[in-house]
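Remarks on the structure that follows.
Residue numbers (our numbering): 92 to 270.
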């Protein structure tokens, strides 16, 4: 029970944990990237249906990957009108964005709380595992400067944002000003 007035109690019934590692390749001339491999582990409590849980985890991961790398809102600078309002301008992940190696493991252990059959959420929490993709891209950009420069990479890490970060790292490292 959470008491907002006294700011006491338990605001969350339980926590779901996870871990992820992603491997990417980045084209330093174009900013394009590809996810080669993702290994995920998600705390599901006691799984109600492992096949469904794995599908939910995969879906949340790919959705999060899109949010962090593709789904850019662009507004007109003077009118404020949304410019990325259609499938032709607002990019979302497709089946081609799934990695060729995609391993999902369920960490099973009874939820200590009295949840439905001691299960835990598998639909939303794994979205955060996709930060492993963003940080893998960021690490690849950092490699351009010998891992001596903190890349100024913003989300979504679109090819343009990646290329901007690559050029900033190259300039700060005293290298090339760009491709």
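The C-beta atom is built at its ideal place from N, Cα and C for all residues, glycine as well.
C-alpha of residue 232 to C-alpha of residue 110: approximately 22 Å in a straight line.
If you draw a straight line from the Cα of residue 230 to the Cα of residue 212, it comes to about 30 Å.
Membership of residue 109 in any alpha helix (DSSP H) is not indicated; the residue belongs instead to the beta strand (DSSP E) covering 109-117. Take the alpha-carbon of residue 136 and the one of residue 242: they are about 37 Å apart. A contact between stretches requires three or more CB pairs, one per stretch, nearer than 8 Å, and the segment 171-185 fails this requirement with the segment 93-109.
Residue 136: member of the beta strand (DSSP E) spanning 124-136, first to last residue. Separation of the CB atoms of residue 153 and residue 195 is rounded to 11 Å, and the pair is thereby denied contact status at 8 Å. The beta-bridge partner set that DSSP reports for residue 198 consists of 134. Put simply, the backbone Cα of residue 193 is about 43 Å away from that of residue 169. If you ignore the 5 residues before and after residue 216, its C-beta comes within less than 6 Å of the C-beta of 107, all in its own chain and listed in chain order.
Counting C-beta atoms within 10 angstroms of its own C-beta, residue 157 has 16 or more neighbours from the protein chains shown and is therefore classed as buried. Restricting attention to alpha helix (DSSP H) runs no shorter than 4 residues, the segment 159-200 encloses none. For residue 100, DSSP records a beta bridge to 93. If you look at residue 229, you'll find it in the alpha helix (DSSP H) that goes 222-234.
Considering only 186, 264 and 254, the residue with the shortest C-alpha distance to residue 120 is 254. If you draw a straight line from the Cα of residue 185 to the Cα of residue 105, it comes to about 32 Å. Taking residue 162 as reference, the option from 252, 238 and 97 with the minimal CA-CA separation is 252.
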